[in-house]
Amino acid sequence: MPARLVFLLTLLLGAGLALLTPRTALLPGPMVAGHADLANDCLACHAPFRGTPETRCSSCHTPDSIGLARTVRPAGWAPRPGLAGLHRSLQLTDCMACHTDHAGADPASATRAFEHEALAATVRARCAACHDGNRPDDGLHTQAASDCAACHTTRAWTPADFEHQKYFVLDRDHDVRCATCHDQPGSFRAYTCYGCHEHTPENMAREHREEGVRNLADCARCHRSADEHEGGERGRD
Amino acid sequence: MHRSLLVRQVLPSAALFAGLILAGIVFDYALHRAGLAWVGLYLGPIGTILLLLSLLYSLRKRKLIRAGSPKVLLSLHESLAWAGSLCLVLHSGIHFSAVLPWLALGAMLIVVASGLTGAVLLRRAVEVVKAQEATPDSEDNRVLNAATVDLMRRWRVVHMPLNAIFAALALVHVAAVAFFWHW
Numbered sequence: 026m027p028a029r030l031v032f033l034l035t036l037l038l039g040a041g042l043a044l045l046t047p048r049t050a051l052l053p054g055p056m057v058a059g060h061a062d063l064a065n066d067c068l069a070c071h072a073p074f075r076g077t078p079e080t081r082c083s084s085c086h087t088p089d090s091i092g093l094a095r096t097v098r099p100a101g102w103a104p105r106p107g108l109a110g111l112h113r114s115l116q117l118t119d120c121m122a123c124h125t126d127h128a129g130a131d132p133a134s135a136t137r138a139f140e141h142e143a144l145a146a147t148v149r150a151r152c153a154a155c156h157d158g159n160r161p162d163d164g165l166h167t168q169a170a171s172d173c174a175a176c177h178t179t180r181a182w183t184p185a186d187f188e189h190q191k192y193f194v195l196d197r198d199h200d201v202r203c204a205t206c207h208d209q210p211g212s213f214r215a216y217t218c219y220g221c222h223e224h225t226p227e228n229m230a231r232e233h234r235e236e237g238v239r240n241l242a243d244c245a246r247c248h249r250s251a252d253e254h255e256g257g258e259r260g261r262d
Numbered sequence: 002m003h004r005s006l007l008v009r010q011v012l013p014s015a016a017l018f019a020g021l022i023l024a025g026i027v028f029d030y031a032l033h034r035a036g037l038a039w040v041g042l043y044l045g046p047i048g049t050i051l052l053l054l055s056l057l058y059s060l061r062k063r064k065l066i067r068a069g070s071p072k073v074l075l076s077l078h079e080s081l082a083w084a085g086s087l088c089l090v091l092h093s094g095i096h097f098s099a100v101l102p103w104l105a106l107g108a109m110l111i112v113v114a115s116g117l118t119g120a121v122l123l124r125r126a127v128e129v130v131k132a133q134e135a136t137p138d139s140e141d142n143r144v145l146n147a148a149t150v151d152l153m154r155r156w157r158v159v160h161m162p163l164n165a166i167f168a169a170l171a172l173v174h175v176a177a178v179a180f181f182w183h184w
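First to last, the protein sequences are chains D and Y.
Those letters in the first sequence? Residues 26 to 262, by the numbering used here.
Those letters in the second sequence? Residues 2 to 184, by the numbering used here.
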């Protein structure tokens, strides 16, 4: 049989297979659970040669209802107001930037990693609007107020790069447990230097008396490291 | 003679085919391990371009182009077709999902096997022609030459329709991707 005829016949068979059984012929992996009934209705989401316009998504998933209402409710489904707030805050209108309905070989790939850049800058600056429940209930985080980005990145909560050396360098004998100095639970602003045997109030009073230093409670006001000679003039009356 | 045929002509072609499958599995595993499985998506168009470039030999052979030495273009045809096929094996991701792309992949592998068979026959034909040139009066060589030429002709009768099947299935796949693609 001539190659051209074989080509045309195969083309017709392939096209026929695609048209008659798109699920078998073309579907790149199973659909996500909520859209399983659309597996043979490609054009419910796809516009020919234009991909998947967001209007195809928002005609069912109105941005105001995402996380709050569903047309298909699996067992155990509950409203997620945080999800609703997140979607209302998105500056992107392209749903496919995060979602894809074809699970493919790896079902985890049905949702792409959320990027904070998808949020408007004003929303991105207000971490607590979405993450308030993540904030540890301790003094350090209470004092940090809403400036999470001072220590954390949007990649992960840990590691956080709080710069303790701005307040006191934790070197030599000072690389100790937090509670050695921060002896008031829940407050990292309060501290004491008398938590170890090296610094006793009596010793410190004696050493500083001849320097004319009377404020012996806020040591870090003058000393920001283990260098005892860096005190300077700040503590003098 | 038989041992020589096997070692010099059949084994290299068989090794190239096995190497294609093995390289596909190894590179696919490496891409997944490195979190670079997405690269496979782009290997589709790259592999297709390599395969199209490999057809320069076919154009030259049919005198549709005049430039280029047929010998060099044949060597390029073999190399580019192998490399392009590897790209498309990786593009498939060695995952089973839609049937049409898999039919296209299967057809491509059959074409590669057919092409490698053609390479064996061609090398055999070259040796037979050389042998006949050395001893033009040998009846055995004359018969062998005629048989080899006939075998090459028969091979083309099979190879071309196989190519046509692969091209048609690949075209349907590309058309479907273009139709549904989120541009």
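Every residue, glycine too, gets a C-beta built ideally from N, C-alpha and C.
Asked, Found
"Between the alpha carbons of D/Cys152 and D/Gly92, how many angstroms are there, rounded?", "19 angstroms"
"So D/Leu195 contacts chain Y; which residues on that side make the cut at Cβ distance below 8 angstroms?", "Within chain Y, no residue comes near D/Leu195; the closest Cβ sits about 36 angstroms away, beyond 8 angstroms."
"Of all the residues that make up the region 67 to 93 of chain D, which are near chain C by a beta-carbon distance shorter than 8 angstroms?", "In the displayed structure, chain C is absent; the protein chains listed are D and Y."
"Could you check whether the Cβ of Y/Ala19 sits closer than 7 angstroms to any Cβ belonging to chain D?", "no"
"Give me the Cβ distance between Y/Gly45 and Y/Leu110, rounded to the nearest whole Å; I'm assuming they're in contact under 8 angstroms.", "Not confirmed; about 16 angstroms, so no contact."
"Between Y/Leu21 and D/Ser84, what straight-line distance do the alpha-carbon atoms span, to the nearest angstrom?", "47 angstroms"
"What three-state label does DSSP hand Y/Ile166 in the structure shown?", "helix"
"Is D/Leu115 helix, strand or coil by DSSP?", "strand"
"Could you tell me the distance, in whole angstroms, from the CA atom of D/Leu241 to the CA atom of D/Ala181?", "39 angstroms"
"Of the residues D/Glu79, D/Asp252, D/Ala69 and D/Arg234, which one's Cα is nearest the Cα of D/Arg197?", "D/Asp252"
"Expressed to the nearest angstrom, what Euclidean distance is found between the alpha-carbon atoms of D/Gly59 and D/Cys70?", "13 angstroms"
"Spatial neighbours of Y/Val11 within its chain, please: C-beta separation below 7 angstroms, excluding the five flanking residues on both sides.", "Val121"
"Please list the residues of the region 28 to 39 of chain D that have a C-beta atom closer than 9 angstroms to any C-beta atom in chain Y, keeping them in chain order.", "Ala28, Arg29, Leu30, Val31, Phe32, Leu33, Leu34, Thr35, Leu36, Leu37, Leu38 and Gly39"
"Where D/Ala61 and D/His127 are concerned, what is the direct C-alpha to C-alpha distance, given to the nearest angstrom?", "10 angstroms"
"Of all Cβ atoms in chain D, is any one closer than 7 angstroms to the Cβ of Y/Leu101?", "yes"
"Kindly indicate if chain D contains any beta-carbon less than 7 angstroms away from that of Y/Leu75.", "no"
"Could you list which residues in chain Y have their beta carbon closer than 8 angstroms to that of D/Leu63, in chain order?", "Per Cβ cutoff of 8 angstroms: no residues; D/Leu63 is ~13 angstroms from chain Y at best."
"How many angstroms separate the CA atom of D/Thr87 from the CA atom of D/Gly107?", "16 angstroms"
"Label D/Arg261 either buried or exposed according to how many other C-beta atoms from any shown protein chain fall within 10 Å of its C-beta, with 16 as the threshold for buried.", "Interpretation of D/Arg261 is limited by its pLDDT of 49, a score under 50 that renders its predicted location unreliable; the figure taken from the coordinates is listed afterwards. When all chains shown are included, D/Arg261 counts as exposed."
"Is D/Ala43 close to chain Y? Criterion is C-beta to C-beta, closer than 7 angstroms.", "yes"
"Taking Cβ to Cβ, would you say Y/Leu74 is nearer than 7 angstroms to Y/Tyr58?", "yes"
"Which residues in the same chain as Y/Leu52 place their Cβ atom closer than 8 angstroms to its Cβ, once the five residues preceding and following it in sequence are excluded?", "Leu81, Ala82, Gly85, Ser86 and Leu89"
"Residues of chain Y with a CB under 9 angstroms from the CB of D/Thr118: which are they?", "What D/Thr118 touches in chain Y: nothing, since even the nearest Cβ is about 14 angstroms away."
"Let me know if Y/Ile166 comes out buried or exposed under the rule of 16 or more other beta-carbons within 10 Å of its beta-carbon.", "buried"
"Output needed for D/Ala230: all residues of its chain with C-beta closer than 7 angstroms, excluding positions within five of it in sequence on either side, in chain order.", "Leu241"
"Would you mind giving the Cβ-Cβ distance between Y/Ala99 and D/Leu52, rounded to the nearest angstrom? I have them listed as a contact below 8 angstroms.", "6 angstroms"
"How long is the line joining the alpha carbons of D/His199 and D/Glu236, rounded to whole angstroms?", "24 angstroms"
"Please report the straight-line C-alpha distance between Y/Ala15 and D/Ala100, rounded to a whole angstrom.", "55 angstroms"
"In the structure shown, what three-state DSSP assignment does D/Gly260 receive?", "Below a pLDDT of 50, predicted positions are generally treated as unreliable, and D/Gly260, at 46, falls in that range; the measurement from the model is reported next regardless. DSSP places D/Gly260 in coil when its eight states are reduced to three."
"Classify Y/Leu101 as buried or exposed, calling it buried when 16 or more other Cβ atoms lie within 10 Å of its own Cβ.", "buried"
"Which residues does DSSP pair with D/Gly76 in a beta bridge?", "D/Ala72"
"Note down the Cα distance separating Y/Leu221 from Y/Gly41, rounded to an integer number of angstroms.", "Residue numbering for chain Y in the displayed model covers 2 to 184; residue 221 of chain Y lies beyond these limits and cannot be assessed."
"Which residues in chain Y sit within 7 angstroms of D/Leu51, going by Cβ to Cβ distance?", "Ala99, Leu101 and Ala177"
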